[in-house]
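Taking it in order: structure first as structure tokens, then the write-up.
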Amino acid sequence: MSDIVAFGSGYKGGTGKSVLSSLVGYTLALNGRKVLLVDLGEYGSSTNLCLEEDPGPPYLSDFFWGKATWRDVIVESSYSSNLWIAPSSKEQGPIDAESLEYLLDNAGKYVDYVILDLPSYPGTLLDPIAMLADIIVLVTNPDRLSILAVKNWISTRPFAKNKLKIPVLNKYHSLLHKWLDKMREEYGVVFPISFDPALTFTFTETIKEAYSLISKRTREEVMLLVQRINKPLLKVTG
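Residue numbers (the UniProt record's numbering): 1 to 238.
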């Protein structure tokens, strides 16, 4: 069975979850791991990054509504033969946890990792989805609001006690080191991912193109995160 990895930020949007989940999924695929990326967002951000074009229906929402099977909605990415996407449409609608668990149980037999690209959400709306994960990647930015949002989210969820939590400080710059220090005080080991123009998608369009243009530093930071996910039982110090 596969490991299920959820990328979340609590109620704070704009932290770069979709970019990071797509980047990690693509990197894992390039390194020989079979990956299914499940796009749970309303705007299909990771779908757009990981597929050359809109695959058209059926989308993940069609599966939730009983209009398609789990096999029908999974699309292979042309960017890697090891990467598959369960795409979102612009009208995702409600996410049914039991249906998603059924999809994960079945599709998980064929891949090494399932990545859940969680949207930001208020209250406990998507907690049943986050509960399905074995690993939760906590995606923050170097600012007070996003760090507080993640802390308030994960510290008040009883299910999180039994999960491997991997804190990430996304869009990091050394001038903002005080936020890295604060996160290390809270979590111990933190994985910074440097701000990289290629990941703003102002001059890049796909995750494949962005990966080819990110800096050596960013690539090394992403690989450290991938290695941590790849070895969840490994004790990390630093």
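We treat Cβ as the ideally placed atom computed from N, Cα and C, and that holds for glycine.
- Between Tyr-43 and Pro-87, the CB-CB gap reaches or exceeds 8 Å.
- Taking a 10 Å sphere around the C-beta of Phe-63, we find 16 or more other C-beta atoms and assign the residue as buried.
- In this chain, Leu-180 is not harboured by any beta strand (DSSP E); it is covered by the alpha helix (DSSP H) spanning 177 to 187.
- Beta-bridge pairing by DSSP links Asn-170 to Ile-193.
- DSSP, read as helix, strand or coil, puts Leu-164 in strand.
- Looking at the backbone, the Cα of Asn-162 and that of Leu-51 are separated by about 33 Å.
- Shown here for Ala-160: same chain residues with a beta carbon closer than 7 Å to its own, the five before and five after excluded, namely Ile-136, Ile-154 in chain order.
- For the 8 Å CB-CB criterion, Ile-214 and Tyr-26 do not form a contact.
- Counting every other CB atom within 10 Å of its CB across the protein chains shown gives Val-189 a total below 16, marking it as exposed.
- In its chain, beyond the 5 residues on either side, Pro-119, Ser-120 have a beta carbon closer than 8 Å to the beta carbon of Gly-13.
- Apart from sequence neighbours up to five positions away, the residues of its chain that approach Val-73 with a beta-carbon distance below 6 Å are Pro-58, Leu-60, Phe-63, Ala-86, ordered along the chain.
- Within a 10 Å sphere around the beta-carbon of Lys-178 sit fewer than 16 other beta-carbons, which makes this residue exposed.
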